[in-house]
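The next block holds one structure in the form of structure tokens; read it before the comments.
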Amino acid sequence: MSIRTRFAPSPTGYLHVGGARTALFSWLYARKHGGRFILRIEDTDLERSSQESVNAILEGMTWLGLEYDEGPFYQTHRFDRYKEVIQQLLAQGDAYYCYCSREELEILREQQMANKEKPRYNGKCRHGVDNPQGERVVRFKNPGQGDVIIDDLVKGRIVVANKELDDLIIARSDGTPTYNLTVVVDDMDMGITHVIRGDDHVNNTPRQINILKALGAQLPVYAHVPMILGSDGARLSKRHGAVSVMQYRNDGYLPEALLNYLVRLGWSHGDQELFSLEEMVALFELEKVNVSASTFNTEKLLWLNHQYIMNSDPAHVARHLAWHMGERGIDPATGPALADVVKAQRERCKTLVDMAAESEYFYKEFDGYEEKAAKKHFKAGVDDVLQHLLAQFSAIGDWEASGLHQVVLDSAEQLQLNLGKVAQPLRVAVCGSGVSPAIDATLALLGREKTLKRIERAIQHIKNVENS
Ligand code: GLU
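Residue 4 is where the sequence shown starts when you use this note's numbering, and the numbers rise one by one after that.
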């Protein structure tokens, strides 16, 4: 059997981390088994769906690198097919028209609640209506007896008695199909073999299985993945910080770090923390996903991101850093190669936002000196130190780290100062603040022209302060 999985988001907002994790699991399962991964947009709720959300979902999938083999398929393009299936179910006696009014159903509900019964449709129209009048919906004739058995890959065996399920509406009074019907038709037509989705859908599964059986379809295997919780134990939501996948991009995360984080959330392989995509595909097993919900831990994600920044190919990190530089209005062509900046900064920066912010000075003149750093390192007389360095750097042949390092060492010796008294003013002069990579690496990246100009600017600044 060739494996076919799908990710079926409703486009009612951005792609959030919970959805991304379900998509990842479906993608991994298909990749692991040489199968196909399908993207289906469940946009039948016209009021809540939007093109903007569709675009946000597609953008999220692309950024994460979860490429799909088929789709995106849109449910709104398939209404004729759903109508056909509804007619088929009516014709074969597995569905019926129900004329019960809203008011009638509401009274029924209240009575059942008052009697402490589970509110459910009482099957009034199931065996035909004598004098049909008014609006009608279509209900599925759920089997009255027996059990539905789900051998869930994550949750294990789930048994639901049919008498617990009522006859659900599959077409509304305006003829439009409901969620459970469209999912069933699509899973059947698209030949889905494994339905991997959030466990908020587990109650729908027995109903969907009964409709699939009525249609004579091959049943897929189900895997219901537990929810993600915030640190306070409540279901992860906006108030826990970023939950949109693209917000993580904006906040300076690498997609691989987020994927690695999501795959590890509720799943483990020994005590291994870092997984390349190839390893995820090879090692991930749905059967080993925790049954209970997992808690999102931003600190852990940040740690992973730093690992990826430090250990990935600098050229790869640089491609993502370029986006952040662009966001800051910086053209990377105006300074050192970004991959070299990555190498110099990667130990210090846990996110690409930090790295971009702390690398601006390689590309762009900074406005002023950080107050505290200037106060500490630009004391009277420091202009002479910088003057000395300026002369030495002007005379240097090859502008590379080891020669630059030597100049700083020699200058400290010649001026009889300890190294910090030379290197720190120099750092503030060229970066505007007291933090940067090693001073020789900083100068090498900055280049001769910018370095000399900035030392001159600092000398002038100190003189102006002295004379004011
Ligand atoms: N469209 C549903 C959702 O976004 C998912 C349906 C499914 O996976 O079966 O929650």
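Built from N, CA and C at the ideal position, the CB exists for glycine as well. Nothing here was measured: the structure is a model prediction, and the numbers come from that model.
Cβ-heavy atom distance, residue i to the ligand GLU, below 8 angstroms
i    : result
S362 : no
S240 : no
A59  : no
H204 : yes
S247 : no
Y311 : no
V140 : no
V433 : no
A11  : yes
Y102 : no
N300 : no
Y182 : yes
G201 : yes
V284 : no
V20  : no
V228 : no
V186 : yes
N207 : yes
V198 : yes
Pair within 9 angstroms by beta-carbon distance, residue i and residue j
i    : j    : result
L215 : F143 : no
P180 : Y99  : no
I465 : V385 : yes
E95  : D189 : Reading the sequence as shown, one finds Gln at residue 95 and not Glu. No, the pair does not count as a contact, with Cβ atoms beyond the cut-off.
P209 : L268 : no
V266 : L31  : yes
A444 : A404 : yes
D316 : A217 : no
L67  : L262 : yes
T65  : F40  : no
T47  : Y182 : yes
A232 : S297 : One point to set straight first is that residue 232 is Leu, not Ala, in the sequence displayed. Contact: yes.
A260 : L304 : yes
A461 : P428 : yes
A376 : V411 : no
V228 : R24  : yes
V356 : A342 : no
M249 : E73  : no
A11  : I89  : no
T354 : D203 : no
Reduced DSSP secondary structure (H/G/I, E/B, other) of residue i
i    : result
T196 : coil
E70  : coil
G450 : coil
P209 : helix
C103 : coil
G236 : coil
G406 : helix
A98  : strand
G63  : helix
H19  : strand
M340 : In the sequence as presented, Met is not what sits at residue 340; that position holds Ala. Looking at A340 - three-state DSSP - the assignment turns out to be coil, as it is neither helix nor strand.
Y225 : strand
V388 : helix
P258 : helix
S297 : strand
A441 : coil
G201 : strand
G219 : coil
F365 : helix
D150 : strand
F143 : strand
V162 : strand
Residues of its chain near residue i, where Cβ-Cβ distance is below 8 angstroms and the 5 sequence neighbours each way are ignored
i    : result
S56  : P14, T15, G16, Y17
A447 : W402, E403, A404, L407
N421 : A415
S240 : G233, V246
Heavy atom of the ligand NAD within 8 angstroms of residue i beta-carbon
i   : result
E45 : Ligands present in the displayed structure are limited to the ligand GLU, and the ligand NAD is not among them.
Cβ neighbours of residue i in the same chain (closer than 6 angstroms, five flanking residues each side left out)
i    : result
S176 : E138, V140
R160 : D154
Sequence-distant residues of the same chain with beta carbon closer than 7 angstroms to residue i, five excluded per side
i    : result
L449 : F365, V433
K346 : P317
H197 : I6, T8, Y32, P223, V224, A226
Buried versus exposed call for residue i [16 or more other C-beta atoms within 10 Å across all chains shown]
i    : result
R81  : buried
M358 : buried
K453 : buried
E107 : exposed
H323 : buried
H309 : buried
T337 : exposed
V294 : exposed
R43  : buried
M116 : exposed
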